[in-house]
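S.K.: Going by this note's numbering, the first residue of the sequence shown is number 1018, and it counts up by one from there. All C-beta atoms in this analysis are idealised placements derived from N, C-alpha and C, irrespective of residue type, glycine included. All values derive from a computational prediction rather than experimental measurement.
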Amino acid sequence: QGPWARSNPVTTKRIIDAANALRGQLTIVWLVMNYETQKNNAPLLGGDATPLLPEDDHYRVAFQPDPRDWVVSKTRRDGFSNNELPDFLDHHDISRIHMGGFRTAQCVFDTAVSAAMGRRVSLLSDLTSNGGDRAPSENDLHNFTRRGITLADCSILGL
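Here it is as structure tokens:
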């Protein structure tokens, strides 16, 4: 979303470049905070659909997702606050998740912990930032591994 992308330009570019390189090989899912809907069952949208996002720039997406991507509206830090996400992953037989994002110790962590319930999860540390393009702290990374989440970088995906 706008503010996170602007305050993390290097990480944002790495995330977009990785998504572009992996599109067609992996299912790309973007999680977008949307306090306006306050629904826990907002539909998942293909990238060519326009998510119902507030006009407030704080929650506007930073770039238009590719039509092959999926956009998940979330109402809390945890992407699984959208009750449709587990069904989507099950329907598409997605049992392995590689993730990155902003606010490593908050949004990324909460979503990874929920995703790890029944799925294998890798945190791609080179696609993750705590803000200002700062890498996750050792303590943050340790919290992921304590929850059974694998630490990796994009090299495991051939990038």
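How about ASP1204 and THR1121: do their beta carbons lie closer than 7 Å?
M.R.: With the chain represented from 1018 up to 1176, any question about residue 1204 goes unanswered, as that position is not in the structure.
S.K.: On the three-state DSSP scale, how would you describe ALA1169?
M.R.: Of the three classes helix, strand and coil, the one that applies to ALA1169 here is strand, per DSSP.
S.K.: HIS1115: which of ASN1099, HIS1108, ASN1100, ALA1133 sits nearest, CA to CA?
M.R.: If we check each option's Cα against that of HIS1115, ALA1133 comes out closest.
S.K.: For ARG1151, does the count of other Cβ atoms within 10 angstroms reach 16, so buried, or fall short, so exposed?
M.R.: Exposed, because fewer than 16 other Cβ atoms sit within 10 Å of the Cβ of ARG1151.
S.K.: How many whole angstroms separate the CB atoms of VAL1088 and VAL1049, which I take to be in contact at a CB cut-off of 8 Å?
M.R.: Right, their Cβ atoms sit about 6 Å apart.
S.K.: In whole angstroms, give me the CA-to-CA distance for ALA1169 and ASN1037.
M.R.: About 19 Å.
S.K.: Assuming THR1029 is part of the alpha helix (DSSP H), what are its boundary residues?
M.R.: Residues 1026 to 1039.
S.K.: Can you confirm whether the segment 1026 to 1042 touches the segment 1093 to 1105 when touching is taken to mean that 3 or more C-beta pairs between the two stretches lie within less than 8 Å?
M.R.: Short answer: they don't touch.
S.K.: Can you tell me which of the three DSSP states GLY1096 falls into?
M.R.: Note: GLY1096 maps to helix in three-state DSSP.
S.K.: Cα separation between ASP1143 and ASP1086?
M.R.: In a straight line, the C-alpha of ASP1143 is about 21 Å away from that of ASP1086.
S.K.: From SER1146, ARG1137, ASP1110, pick the residue whose C-alpha is nearest to that of ILE1166; which is it?
M.R.: Checked all of SER1146, ARG1137, ASP1110; the closest Cα to ILE1166 is ARG1137.
S.K.: When DSSP labels each residue in this structure, what does THR1145 get in the three-state scheme?
M.R.: In the structure shown, THR1145 sits in a strand (DSSP, three-state: E or B).
S.K.: Please tell me whether ASP1171 and ALA1035 are closer than 7 Å, where the distance is taken between their beta carbons.
M.R.: Correcting the residue identity first, residue 1171 is Cys in this sequence and not Asp. In this structure, ALA1035 lies closer than 7 Å to CYS1171 by Cβ.
S.K.: In the structure shown, what three-state DSSP assignment does SER1131 receive?
M.R.: Of the three classes helix, strand and coil, the one that applies to SER1131 here is helix, per DSSP.
S.K.: Grouping DSSP H, G and I as helix and E and B as strand, with all else coil, what is ARG1151?
M.R.: Of the three classes helix, strand and coil, the one that applies to ARG1151 here is coil, per DSSP.
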